[in-house]
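*Asks:* Numbering (the numbering used here), first residue to last: 100 to 454. Just dropping this structure here.
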Ligand code: NAD
């Protein structure tokens, strides 16, 4: 039995994580849940966006399923950590939002975002099956921004050899495990010669040690164009943090939007699975959210913990509901609410013929 930390999050987070939990429970997976709160609502209620107990739980269980969380928009908040540092001393760091705090403090350096065409989902493309690897800890997201004077702001873009090598090795190992063969590195080293140049060179050198992989590289602007013209040509993408963030929404758009885009944040000690979408305050509390991204994130989680049979069953159940189209949420052109769509997936899982 695997214990998973479940963090419902803000906005639609509690609705979509409850849906994913019910689906996993119906899948036959040997999973039990430890539910803990974090996010902006938790910050308002307790004064702490990510309480220490949440970090402790994820580090102990080594796996978490997390709902989307709000952000501070402009402000930063402090996270006080006691447990992880040697000697138990108190250390404070500041982050622009709770999700980034979790990724940073848990050292979840690899972000994996698959984008796959599902039959029944309106999209301009067919046959897209891309896995995007985004470096999650460096680049412009280290938070080193400052006002130089009243009219000028600047930010530091940090790329390291160690961070790029760790990311490229992770991508190569993942590809070998999942039978993928081709990876395209996205960069802008014609302009950012030192930073993106280091990322490109380190990734090329690291990937060259994996003989079965075919590796190419594209300037990230040209890559965007090629992706919207012929996305079915791409297999895996490997990107630094900022480009990965932007291109993963683009690849989600290629297969029908944020409602069907799952994600994983993986580190050495633990992994946290979450949908690509945010907490959608405009539809929160209305039972309208599409639970598919969160359910697909749970599928990735099930594979990560070795529950592949349950993962395949959940994916098949969701695929059937999407293809049949009668019980899908409004963003997918249907009229079902979150509860009805979730019930349809569970109904498929509980059919004797699906076992
Ligand atoms: P969003 O993804 O929350 O919403 C964008 C649009 O997509 C909205 O119209 C929303 O209704 C719709 N949408 C999103 N998920 C949906 C779903 N499952 N079903 C149906 N419709 C869905 O992006 P945003 O509005 O830019 O951000 C809202 C908040 O979420 C912000 O505070 C942002 O910082 C945060 N955010 C958090 C995460 C995370 O926790 N990983 C990721 C992205 C954004």
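Built from N, CA and C at the ideal position, the CB exists for glycine as well. This one's a predicted model, so the numbers in the text were calculated from it and none came from an experiment.
Kindly give me the distance between the Cβ atoms of residue 237 and residue 220, rounded to whole angstroms, as I take these residues to be in contact under 8 Å.
*Replies:* Contact flag wrong, Cβ pair sits at about 33 Å.
*Asks:* Count the other CB atoms, across all protein chains shown, that sit within 10 Å of the CB of residue 376; report buried if there are 16 or more and exposed otherwise.
*Replies:* Answer is buried; the Cβ neighbour count reaches 16.
*Asks:* Would you call the CB atoms of residue 348 and residue 389 closer than 8 Å?
*Replies:* Contact flag unset, no.
*Asks:* Relative to the C-alpha of residue 155, which candidate in 204, 170 and 272 has its C-alpha closest?
*Replies:* Cα-wise, what sits closest to residue 155 is 204.
*Asks:* Can you tell me the Cα-Cα spacing of residue 162 and residue 296, whole angstroms?
*Replies:* Rounded to the nearest angstrom, the two C-alpha atoms are 34 Å apart.
*Asks:* Does the distance from the C-beta atom of residue 116 to that of residue 164 stay below 8 Å?
*Replies:* The answer is yes: Cβ separation under 8 Å.
*Asks:* Are residue 380 and residue 108 closer than 8 Å when you measure CB to CB?
*Replies:* Result no, Cβ atoms of residue 380 and residue 108 do not sit closer than 8 Å.
*Asks:* Please determine, among 305, 287 and 311, the residue with the shortest C-alpha to C-alpha distance to residue 323.
*Replies:* Here the closest residue by C-alpha is 287.
*Asks:* Using a Cβ distance threshold of 8 Å, determine whether the stretch 233 to 251 contacts the stretch 389 to 398, with at least three qualifying pairs required.
*Replies:* No, they do not touch.
*Asks:* Taking 7 Å as the cut-off, is the beta-carbon of residue 432 closer than that to any non-hydrogen atom of the ligand NAD?
*Replies:* Because no heavy atom of the ligand NAD lies under 7 Å away, the Cβ of residue 432 does not count as near it: no.
*Asks:* Taking a contact to mean a Cβ-Cβ separation below 8 Å, would you say residue 406 touches residue 128 in this structure?
*Replies:* Closer than 8 Å, so yes.
*Asks:* Examine the ligand NAD and report whether any of its heavy atoms sits within less than 7 Å of the Cβ of residue 236.
*Replies:* The answer is no for residue 236.
*Asks:* Within 10 angstroms of its Cβ, does residue 451 collect 16 or more other Cβ (buried), or is it exposed?
*Replies:* The residue is exposed, with fewer than 16 neighbouring Cβ atoms inside 10 Å.
*Asks:* The ligand NAD heavy atoms versus the CB of residue 221: any closer than 7 Å?
*Replies:* It does not: the Cβ of residue 221 is nowhere closer than 7 Å to a heavy atom of the ligand NAD.
*Asks:* Let's test the definition: count the other Cβ atoms within 10 Å of the Cβ of residue 215 and tell me whether it reaches 16, buried, or not, exposed.
*Replies:* By the 10 Å Cβ count, residue 215 comes out buried.
*Asks:* Quick check on DSSP: helix, strand or coil for residue 229?
*Replies:* The answer is strand: DSSP assigns residue 229 an E or B state.
*Asks:* Look up residue 365 in the DSSP assignment and say whether it is helix, strand or coil.
*Replies:* Three-state DSSP puts residue 365 in a strand.
*Asks:* Quick one: is residue 207 buried, meaning 16 or more other Cβ sit within 10 Å of its Cβ, or exposed?
*Replies:* Under this definition residue 207 is a buried residue.
*Asks:* Could you check if residue 357 belongs to the surroundings of the ligand NAD, using beta carbon to heavy atom distance under 7 Å?
*Replies:* Yes.
*Asks:* Residues in its own chain within less than 6 Å of residue 294 by CB, not counting five upstream and five downstream?
*Replies:* So the list reads 256 and 258, once near-sequence residues are dropped.
*Asks:* Determine the contact status of residue 166 and residue 106, defining contact as a CB-CB distance below 8 Å.
*Replies:* Result yes, Cβ atoms of residue 166 and residue 106 sit closer than 8 Å.
*Asks:* Please find out if some non-hydrogen atom of the ligand NAD comes closer than 7 Å to the beta-carbon of residue 438.
*Replies:* Checking every heavy atom of the ligand NAD against the Cβ of residue 438, none is found closer than 7 Å.
*Asks:* Flag residue 228 as yes if its beta-carbon sits less than 8 Å from any beta-carbon of chain C, otherwise no.
*Replies:* Absent from the structure: chain C. Only one protein chain is present.
*Asks:* Please name the residue, chosen from 432, 101 and 114, that lies closest to residue 382 on a Cα-to-Cα basis.
*Replies:* Closest by alpha carbon: 114.
*Asks:* Looking at the strands, I want to know which residues DSSP matches up with residue 106.
*Replies:* For residue 106, which the question treats as bridged, DSSP gives the partners 165.
*Asks:* For the ligand NAD, is there any heavy atom lying closer than 7 Å to the beta carbon of residue 389?
*Replies:* Yes; taking the cut-off as 7 Å, the Cβ of residue 389 has a heavy atom of the ligand NAD nearer than that.
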